[in-house]
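> As given, the protein sequences belong to chains A and B, one line each in that order.
Residue numbering for the first sequence follows the UniProt record's numbering, starting at 1 and increasing by one per position.
Residue numbering for the second sequence follows the UniProt record's numbering, starting at 1 and increasing by one per position.
Number of protein chains: 2
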Amino acid sequence: MQKKSSATIYDVANRVGVSLATVSRVVNGNSNVRESTKRKVLDAIEELGYHPNAVARGLASKKTTTIGVVMPDVTDMYYSELARGIDDVANMYHYDVLLTNTDEDPVRETMAVNNLASKQVDGIIFMGNELDNEIINTIIGVDAPVVLAGSVDEAGKLPSVNINYIDAVKEATEAIIKNGHTRVALVTGPMTHAINRLHRLVGYKAALEEAGLEFDESLLFSAHQDYASGLQIAEKLFLAEASAAVTYDDEIALGIMNYMREHGKRIPEDFEIITANDTKFTIITRPQLTSIGQPKYDIGAVAMRMLTKLMNNEVIEETQVQLPHSLERRGTTINPNHVIQ
Amino acid sequence: MQKKSSATIYDVANRVGVSLATVSRVVNGNSNVRESTKRKVLDAIEELGYHPNAVARGLASKKTTTIGVVMPDVTDMYYSELARGIDDVANMYHYDVLLTNTDEDPVRETMAVNNLASKQVDGIIFMGNELDNEIINTIIGVDAPVVLAGSVDEAGKLPSVNINYIDAVKEATEAIIKNGHTRVALVTGPMTHAINRLHRLVGYKAALEEAGLEFDESLLFSAHQDYASGLQIAEKLFLAEASAAVTYDDEIALGIMNYMREHGKRIPEDFEIITANDTKFTIITRPQLTSIGQPKYDIGAVAMRMLTKLMNNEVIEETQVQLPHSLERRGTTINPNHVIQ
DNA sequence: AATAGCGTTGTAAGCGTTTGCAATTCTTGT
DNA sequence: ACAAGAATTGCAAACGCTTACAACGCTATT
Chain A
1 MQKKSSATIY DVANRVGVSL ATVSRVVNGN SNVRESTKRK VLDAIEELGY
51 HPNAVARGLA SKKTTTIGVV MPDVTDMYYS ELARGIDDVA NMYHYDVLLT
101 NTDEDPVRET MAVNNLASKQ VDGIIFMGNE LDNEIINTII GVDAPVVLAG
151 SVDEAGKLPS VNINYIDAVK EATEAIIKNG HTRVALVTGP MTHAINRLHR
201 LVGYKAALEE AGLEFDESLL FSAHQDYASG LQIAEKLFLA EASAAVTYDD
251 EIALGIMNYM REHGKRIPED FEIITANDTK FTIITRPQLT SIGQPKYDIG
301 AVAMRMLTKL MNNEVIEETQ VQLPHSLERR GTTINPNHVI Q
Chain B
1 MQKKSSATIY DVANRVGVSL ATVSRVVNGN SNVRESTKRK VLDAIEELGY
51 HPNAVARGLA SKKTTTIGVV MPDVTDMYYS ELARGIDDVA NMYHYDVLLT
101 NTDEDPVRET MAVNNLASKQ VDGIIFMGNE LDNEIINTII GVDAPVVLAG
151 SVDEAGKLPS VNINYIDAVK EATEAIIKNG HTRVALVTGP MTHAINRLHR
201 LVGYKAALEE AGLEFDESLL FSAHQDYASG LQIAEKLFLA EASAAVTYDD
251 EIALGIMNYM REHGKRIPED FEIITANDTK FTIITRPQLT SIGQPKYDIG
301 AVAMRMLTKL MNNEVIEETQ VQLPHSLERR GTTINPNHVI Q
């Protein structure tokens, strides 16, 4: 049974007959305390059910052992897996996580960052690709360190951890081209986002060029990352006479796949699809989705680990980390040496 | 350009030539300030780029405008949708959310609650069904109000918002029995969880009884809520000669479905499935999964709304809220008046 | 013109810790 | 037994803000 209105460090000090400072020292594991008094203090803490008040601690020490995470949507599998990676290593280093959903709305993103700053978080992990100048500036303005996870800024200057999107998309596109397609579509997000314009599109074009294929604007699509958009895009894909698509989101890919099949196309024989996030969705459907493989959990984990270093002012060898990706060949592509499911 | 090491309320007061109290008043929207001085203070705040320090505020006011959310896993669609509902109304009431994943481990759950308490959160939303006495006690011991979302405690005393699991499972089971099945399995979690023993199982048995069917222990399965478990359970279902199953998790249902189909069973002709969480998974697969319909977002939202009332010491008519559920008939059951997809 | 009363503003005491520095107590060596 | 130095401990200021309570200046009343 703990006391209701909890004891303060002052109560503990009184009980034992020592000063606040001493209690504070044992609570913080400070070495310079005689073993015997340490014992007594610990006992008193136990008896009183004392728990340090983290808010007071934060005020006095200027450290809150809390980090902020701003992300588009917890409900999105891709981001929630990153979040899990973040949370696990955050806990490992005894940080708590203040979570904010932004739906990738720049206004809310800016508000979120400012809000976190005023809550005095020790650091921030930012996810979201709508990184316009205002957000970049507020990120830079905050005095807590910030690292991007699964997100790229225009200038590529902010600390971040990602995969190499250019290569990943290029390899995916190549894989499809190798199967004989000449009209392969690219489904991404808005070209205002650096990740689409400077990475995905570039990788896609590189693959086309190496294969001697002309870039065709009508095969480029921008879609919001959800199932319904996939359905819509699928219709356009049909009209554009695409015979394959590389998409940046699994739900979109699913929408495309289901639409195609319901309109008489066989997957992968008549239409091939490669998606990009390799979430659970790719496994549980039939056929399973071929996807770029991303170490999502690790992206989050590594980003968080980097943040801990930044918060400790440790030197960091490389602040633009790229983790390895792969191509997970499954049922929405015709694969060499593999039987179609 | 904001100043780097940010201005304090003291700086603002000095600039304008008023006292701290006055600045504090305008910052907090307190009415008793002359319009003209309010203007001046606001201007100074703007010029200095002053942002109130939430930690100091928390210490002085004993309110942090932060709530804690403890949940099994952000990566789980069911819980992440609840979390989104929570987050949205939390924001609406200007609360921030401190998120903790527990993987439903009682030790971590207890630690999480205590940790949140020491961070002085104003309230806590708890999700997870492994509610043993220790956790219940620490929940009760915390002096911030706590509400359960999508989770039930043994005694049913804690404030909570759920659906009526007894009825929901009963209806699902009935629907299947009506299609002529006599060996319908129930796949839940461990019977140590109140939600399984006191709710799901009870609803299942009620349906059996009304149909004059004998309860058969060998048709009762306990599985961890993930795809792999579904695959495993499916095998046992086969051996138990079940011809239909009611499950409590969509990933499990998917595992069962895929396994069955890969072993020659047609769904729903040879085997019917009803799942319970109605996540995105149920829509994107073929066939789509018939599921109990739960207002997941709303469960989170209502729980959070209730918490705001508790935090304000408002009177609450009913602290055991049950939201309406439904039965979403889709492709894994043979439905009256419906064509099978 | 004096006064009651209201709207504004200031004073100062916390809120519960941390932490640099000073003071005190122990150890040791001699 | 005593001084020097090391090990412990205590003091008190800070952290940045909120909030009773007191004090002030005005206006409206009589």
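Using N, Cα and C, we set each Cβ at its ideal position, and we do this for glycine too.
1. Out of A/LYS63, A/GLU251, A/ASN164, point me to the one whose CA is closest to A/LEU289's CA.
2. Can you tell me which of the three DSSP states A/GLY212 falls into?
3. Which chain A residues sit within Cβ distance under 8 Å of B/PRO52?
4. Could you pull out every residue in the same chain whose Cβ sits closer than 8 Å to the Cβ of B/THR8, ignoring the five residues on either side in sequence?
5. Compare the Cα-Cα distances from A/GLU318 to each of A/VAL302, A/ARG330, A/ALA175, A/ARG286 and report the closest residue.
6. Would you say B/ASN313 faces chain A, with C-beta separation under 7 Å as the test?
7. Compare the C-beta of A/SER229 with all C-beta atoms of chain B and state if any pair is closer than 7 Å.
8. Just mark B/HIS193 as buried or exposed, buried being the case when its beta carbon has 16 or more other beta carbons within 10 Å.
9. Which chain B residues are close to A/SER80, counting only those with a beta carbon under 8 Å from its beta carbon?
10. Taking the alpha-carbon of B/LEU220 as reference, which of B/GLU314, B/VAL246, B/ASN164 has the nearest alpha-carbon?
11. Residues in the same chain with beta-carbon distance under 7 Å from B/ARG84, minus the five sequence neighbours each way, listed in chain order, please.
12. Here's the rule: buried if 16 or more other CB atoms are within 10 angstroms of the residue's CB, otherwise exposed. What is B/PRO336?
13. Which same chain residues end up closer than 6 Å to B/ILE340 when comparing Cβ atoms and leaving out the 5 residues on each side of it in sequence?
14. With a CB to CB cut of under 7 Å and the five nearest residues on each side skipped, what residues in its chain are close to A/ALA60?
15. Assuming B/THR333 and B/ILE274 are in contact, meaning their beta carbons sit under 8 Å apart, how far apart are those beta carbons, in whole angstroms?
16. Indicate the three-state DSSP secondary structure (helix, strand or coil) for A/THR66 in the structure shown.
17. Which residue comes first and which comes last in the beta strand (DSSP E) that contains A/PHE221?
18. So what's B/GLY123 in DSSP terms, helix, strand or just coil?
19. Tell whether a beta-carbon distance below 7 Å holds between A/LEU99 and A/PHE126.
20. Would you be able to state if there are at least three C-beta pairs under 8 Å between the segment 157–172 of chain B and the segment 233–243 of chain B?
21. In this structure, does DSSP put A/THR182 in helix, strand or coil?
22. Give the single residue among A/ASP105, A/GLU154, A/GLN225, A/ALA90 whose Cα lies nearest to the Cα of A/MET71.
23. Along the chain, where does the alpha helix (DSSP H) containing B/VAL107 start, and where does it finish?
24. Please report whether the beta-carbon of A/ALA83 lies at a distance below 7 Å from any beta-carbon of chain B.
25. For the beta strand (DSSP E) containing B/GLY293, name the first residue and the last one.
26. Are the C-beta of B/ILE284 and some C-beta of chain A separated by less than 7 Å?
27. Taking B/THR110 as the reference, give the member of B/ASN91, B/GLY68, B/THR282 with the closest Cα.
28. Between which two residues does the beta strand (DSSP E) holding B/LEU323 run?
29. On the three-state DSSP scale, how would you describe B/ILE340?
30. B/LEU323 to A/MET257, Cα distance in whole Å?
31. For residue 381 of chain A, which option in A/PRO295, A/THR308, A/ASN312 has the closest C-alpha, if you only look at C-alpha atoms?
32. To the nearest angstrom, how far is it from the Cα of B/VAL18 to the Cα of A/GLU47?
33. Determine, using beta carbons only, whether B/ASP96 comes closer than 7 Å to chain A.
34. For a quick check, are the C-beta atoms of B/ALA240 and B/SER222 less than 7 Å apart?
35. Among residues of its own chain, excluding the 5 on either side of A/LEU261, which ones have a beta-carbon nearer than 8 Å to its beta-carbon?
36. Would the beta-carbon of A/PRO26 fall within 7 Å of that of A/VAL12?
According to the data block:
1. A/GLU251
2. Three-state DSSP puts A/GLY212 in coil, outside helix and strand.
3. SER118
4. TYR50, ASN53
5. Minimum Cα distance to A/GLU318 is reached at A/VAL302.
6. no
7. No - not a single Cβ of chain B is within 7 Å of the one on A/SER229.
8. buried
9. VAL74, THR75, SER80
10. When C-alpha distances from B/LEU220 are compared across B/GLU314, B/VAL246, B/ASN164, the shortest belongs to B/VAL246.
11. TYR297, GLY300
12. With fewer than 16 other Cβ atoms within 10 Å, it is exposed.
13. Because B/ILE340 carries a pLDDT of 46, less than 50, the predicted location of this residue cannot be relied on, and the following value inherits that uncertainty. Closer than 6 Å at Cβ, skipping near neighbours: no residue.
14. none
15. Beta-carbon to beta-carbon, B/THR333 and B/ILE274 are separated by about 6 Å, close enough to satisfy the 8 Å threshold.
16. Here A/THR66 sits in strand by DSSP.
17. 220–222
18. strand
19. no
20. no
21. Looking at A/THR182 - three-state DSSP - the assignment turns out to be coil, as it is neither helix nor strand.
22. A/ASP105
23. 106–118
24. yes
25. 290–293
26. Using a CB distance cut-off of 7 Å, B/ILE284 counts as an interface residue toward chain A.
27. Of the listed residues, the one whose Cα sits closest to B/THR110 is B/GLY68.
28. 320–323
29. Low local confidence applies: a pLDDT of 46 at B/ILE340 is under 50, so the model's placement there is unreliable, with the coordinate-based value given in what follows. B/ILE340 falls in the coil class under three-state DSSP.
30. 35 Å
31. The structure shown does not extend to residue 381 of chain A, since chain A is modelled only from 1 to 341, so the question has no answer here.
32. 46 Å
33. yes
34. no
35. The amino acid at residue 261 of chain A is misidentified as Leu; the sequence shows Arg. Taken in chain order, the residues that qualify are ILE267.
36. The displayed chain sequence assigns Val, not Pro, to residue 26 of chain A. Taking 7 Å as the Cβ cut-off, A/VAL26 and A/VAL12 do not qualify as a contacting pair.
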